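Trainee: To start, I am sharing the structure in question, which I have written as C-alpha cells.
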Ligand SMILES: Nc1ncnc2c1ncn2[C@@H]1O[C@H](COP(=O)(O)OP(=O)(O)OP(=O)(O)O)[C@@H](O)[C@H]1O
Ligand SMILES: [Mg+2]
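This is the structure we're talking about:
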C-alpha cells in the first residue's frame, strides 16, 4: 500500500499543454476516481503516474519518494486497461503467471499467487482455458488478476469496464469495490461514467481540459458543486439550468427572478456570498430533476409553468421533459408513475433550498455563488 502525491504535474506534447499543473494527494488505501469528458487528460495523468509517460513538469511522489525518474517496472504499480491485452496463445494460468516469471519469482510462489488471485476472482475453474474461450467479464477478471499477483502498492485502472455490456458492468463494479475492501490497496480508477464514479469512489477528481475542476467525496460533488461544469457532469439526468437575474440582495440572501417567470422573484431567499453577487447580476439557477415537484405553488419555492413535451415511464420513476415560457428546457424526475402523456401544462415548484446558483456573466467558469 502506498499514498500518492502529484505536485504541479504537467504534460506537454510539443507546444500543446494537455495537463495544466495538477495537485493531488491520494491517501494510503484510498479509492480515487478520475472522471471527465473524452480528451480531458484522464489517461495521460494515469500513464504519468504509472511511468508509461514522462511528466513535463512537477513531481510524482509515491510513499514519500519522487519517482519521476524511476522506470514503470520499478514503481511497483499495476495497471489494468480497457482492452484486456491478454496473450491469446496462453491459458488463463499462464496469463496470470507470465509477469511473475519475468521477475524470476520461484515457481511455488508463482503457483500460490496465481491460485490465490484465481480464487479471489472466481477463475479457479477456468485456469486451463484460453482467452478466446472466456466471456468479456471473465477476460476482464483475468486482466485484474494479472495486476493482483504482482502485489502492487497502487492499482491503476483505465476504463476497465467500458468494453462490457451494461449488466456485466454493474456486476464488475461491485466486484472491484469488494476487491478494494478486501485488499485495502490504494486504487486510482479512470472512467467517464459518472455512475461508476459515484458508486465506487472514496473521492472523485473531476477533470476538464487538463485541469482539476473539483475534488471531493461523491456526495460533496453532488450536493455542493463548485461550478456549473461539475454540477452538470455529476447526476443523471443532468441538473437543469435556468437563466435569471438577482432581483434583490439582503442579509438573508438573494431573491431570484427567472427569465421563465420574470415578474415574480423567489419568495424565499438563497444564501449567497454577498461579496461575489450583485443586484441585477445574470445568474444560472441549477436544480436537479429529482428536486422539482409538480402541483400547486408551494412556499419556499420558485414556481414556473411548464409544458410537457414528452414523458418517459420507467415504472419506478418517470421523466417529464418540459419547455418553459422562456423556451428553456426542464427535466422533471417524478418518483413512481404519472398520469401525464405529453402536451399538458403544469405548475412546477423549484424548492429554493435545493437550488444551486451560478454566475452567468462568465459562462466558461460559471462559479457557484453560494
Ligand atoms: N501522443 C500525443 N500527442 C499529442 N497529443 C496527445 C497525445 N496523447 C494524447 N494527446 C492529447 O491529450 C489529450 C488528453 O488525452 P487523454 O487520452 O489523456 O484523454 P482521456 O481523458 O483519457 O480521454 P478518453 O476518455 O477519450 O479516453 C487529448 O486532447 C489528446 O488528443
Ligand atoms: Mg482515456
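In our numbering, the protein residues as written are 13 to 382.
Backbone N, C-alpha and C fix where the C-beta goes; we use that ideal spot for every residue, glycine too.
Every value quoted in this text rests on a predicted model; they were computed, and no experiment measured them.
Quick check for students: name the residue ranges of the alpha helix (DSSP H) that lie wholly in the stretch 45-96, counting only runs of 4 or more.
Mentor: 54-62
Trainee: Is residue 171 close to ligand 2? I mean its beta-carbon at under 7 Å from any heavy atom of the ligand.
Mentor: The count along the chain shown starts at 1 and reaches residue 171 at position 159. Yes, the Cβ of residue 171 comes within 7 Å of a heavy atom of ligand 2.
Trainee: So, helix, strand or coil for residue 361, using DSSP?
Mentor: Residue 361 sits at position 349 when you count from the first residue of the chain shown. In the structure shown, residue 361 sits in a strand (DSSP, three-state: E or B).
Trainee: Please find out if some non-hydrogen atom of ligand 1 comes closer than 7 Å to the beta-carbon of residue 204.
Mentor: Residue numbering aside, residue 204 sits at position 192 when the chain shown is read from its first letter. Yes - ligand 1 has a heavy atom lying nearer than 7 Å to the Cβ of residue 204.
Trainee: What residue ranges within the stretch 185-249 form continuous alpha helix (DSSP H) runs of no fewer than 4 residues, ordered along the chain?
Mentor: 206-212, 230-235 and 240-245
Trainee: What residue from 259, 232, 361 and 255 has the CA that sits closest to residue 8's CA?
Mentor: This structure gives no information on residue 8, because the portion of the chain shown stretches from 13 to 382.
Trainee: Just verifying my parser: in three-state terms, what is the DSSP assignment at residue 333?
Mentor: To locate residue 333, count along the chain shown from 1; it is residue 321. Looking at residue 333 - three-state DSSP - the assignment turns out to be strand.
Trainee: Among the candidates 53, 372, 212 and 114, whose CA atom is the shortest distance from the CA of residue 44?
Mentor: Counting from 1 along the chain shown, the entry for residue 44 is found at position 32. Residue 212 is the option with its Cα nearest to residue 44.
Trainee: Which residue marks the beginning of the alpha helix (DSSP H) containing residue 252, and which one marks its end?
Mentor: Along the chain shown, read from residue 1 onward, the residue named residue 252 stands at position 240. Segment 252-262 is the beta strand (DSSP E) holding residue 252; no alpha helix (DSSP H) there.
Trainee: Could you pull out every residue in the same chain whose Cβ sits closer than 8 Å to the Cβ of residue 210, ignoring the five residues on either side in sequence?
Mentor: Within the chain shown, numbered from 1, the residue matching residue 210 stands at position 198. Correct list, in chain order: 216, 230, 234 and 246.
Trainee: Is the beta carbon of residue 35 closer than 8 Å to that of residue 20?
Mentor: On the chain shown, residue 20 is found 8 positions in, with the first residue counted as 1. On the chain shown, residue 35 is found 23 positions in, with the first residue counted as 1. Contact: yes.
Trainee: Within this structure, are the beta carbons of residue 312 and residue 251 separated by less than 8 Å?
Mentor: By 1-based counting over the chain shown, the position of residue 312 is 300. By 1-based counting over the chain shown, the position of residue 251 is 239. The answer is no: Cβ separation not under 8 Å.
Trainee: Is there at least one non-hydrogen atom of ligand 2 closer than 7 Å to the beta-carbon of residue 55?
Mentor: Position 43 of the chain shown, counting from 1, holds the residue named residue 55. Flag set: Cβ of residue 55 near ligand 2.
Trainee: Looking at the structure shown, is residue 321 part of a helix, part of a strand, or coil, going by DSSP?
Mentor: As a working mapping, residue 321 is identified with position 309 in the chain shown. Three-state result, residue 321: strand.
Trainee: What I want to know is whether the C-beta of residue 68 ends up closer than 7 Å to one or more non-hydrogen atoms of ligand 1.
Mentor: Sequence index remark: in the chain shown, residue 68 carries index 56 (1-based). For residue 68, the CB stays at least 7 Å from every heavy atom of ligand 1.
Trainee: Determine the extent of the alpha helix (DSSP H) in which residue 108 is found, giving its start and end residues.
Mentor: As a position in the chain shown, residue 108 is number 96, starting the count at 1. Where residue 108 is concerned, the enclosing alpha helix (DSSP H) stretches over 104-114.
Trainee: Any heavy atom of ligand 1 closer than 7 Å to the Cβ of residue 242?
Mentor: The residue labelled residue 242 in the question sits at position 230 within the chain shown. No, since every heavy atom of ligand 1 falls outside the 7 Å radius drawn around the Cβ of residue 242.
Trainee: Which whole-angstrom value describes the C-beta separation of residue 168 and residue 185, a residue pair presumed to lie in contact below a C-beta threshold of 8 Å?
Mentor: The residue given as residue 168 occupies position 156 in the chain shown. The residue given as residue 185 occupies position 173 in the chain shown. With a Cβ gap of about 17 Å, residue 168 and residue 185 do not count as contacting.
Trainee: Measuring only the C-alpha atoms, how far is residue 200 from residue 149?
Mentor: The residue labelled residue 200 in the question sits at position 188 within the chain shown. The residue labelled residue 149 in the question sits at position 137 within the chain shown. Pairing residue 200 with residue 149, the inter-Cα distance amounts to about 20 Å.
Trainee: How far does the beta strand (DSSP E) with residue 17 in it extend, from its first residue to its last?
Mentor: On the chain shown, residue 17 is found 5 positions in, with the first residue counted as 1. First-last of the beta strand (DSSP E) with residue 17: 16-25.
Trainee: Hey, out of 301, 164, 305 and 266, whose CA is closest to residue 292's CA?
Mentor: Reading the chain shown from its first residue, position 280 is the one you call residue 292. Measuring from the Cα of residue 292, the nearest candidate turns out to be 266.
Trainee: How far does the alpha helix (DSSP H) with residue 327 in it reach, from first residue to last?
Mentor: As a position in the chain shown, residue 327 is number 315, starting the count at 1. Element bounds for residue 327: n/a, residue is neither H nor E.
Trainee: When you measure from the CB of residue 51 to every non-hydrogen atom of ligand 1, does any distance come out below 7 Å?
Mentor: By one-based count along the chain shown, residue 51 stands at place 39. At least one heavy atom of ligand 1 lies closer than 7 Å to the C-beta of residue 51.
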